[in-house]
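Enquirer: Residue numbers (the numbering used here): 50 to 117.
The beta carbon of each residue, even a glycine, is placed where N, CA and C say it ideally should be.
Here the structure is a predicted model, which means the values were calculated and not measured.
What follows is a structure written as structure tokens; I'll ask about it next.
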């Protein structure tokens with residue numbers, strides 16, 4: 050739960066898109082990678098979620114965070 054708290058602290062002025070948040074919650078490694086990013090990098094990742102059109106694409110996008 051510490052990672053989730055840190056993530057919310059870094060994103061005080063940003064809302065996490067629902068699908069992205071749900072996909073992150075299901076992938077602990079991706080969540081840890083996301084929370085390790087700088088606020089600017091997190092914003093870029095969040096902005097890129099707007100290009101995702103399906104649940105499967107979102108899952109793939111979240112999985113890609115592990116290799117960043």
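For residue 76, which of helix, strand or coil comes out of DSSP?
Expert: If DSSP states are grouped into helix, strand and coil, residue 76 belongs with coil.
Enquirer: Is it right to say residue 107 is buried, meaning 16 or more other beta carbons lie within 10 angstroms of its own, or is it exposed?
Expert: By the neighbour-count rule (16 or more Cβ atoms within 10 Å), residue 107 is buried.
Enquirer: Where residue 113 and residue 87 are concerned, what is the direct C-alpha to C-alpha distance, given to the nearest angstrom?
Expert: The alpha-carbon atoms of residue 113 and residue 87 are separated by roughly 17 Å.
Enquirer: Using the three-state DSSP reduction, which class does residue 102 fall into: helix, strand or coil?
Expert: If DSSP states are grouped into helix, strand and coil, residue 102 belongs with coil.
Enquirer: So, for residue 78: in the same chain, excluding its five sequence neighbours on each side, which residues have a beta-carbon less than 6 Å away from its beta-carbon?
Expert: Cβ neighbours of residue 78 beyond the five flanking positions: 115.
Enquirer: Which stretch, first to last residue, makes up the alpha helix (DSSP H) that contains residue 90?
Expert: Unbroken alpha helix (DSSP H) run through residue 90: 88 to 97.
Enquirer: Measure the C-alpha to C-alpha separation of residue 84 and residue 94 and round it to an integer number of angstroms.
Expert: Taking the straight line from one Cα to the other gives about 11 Å.
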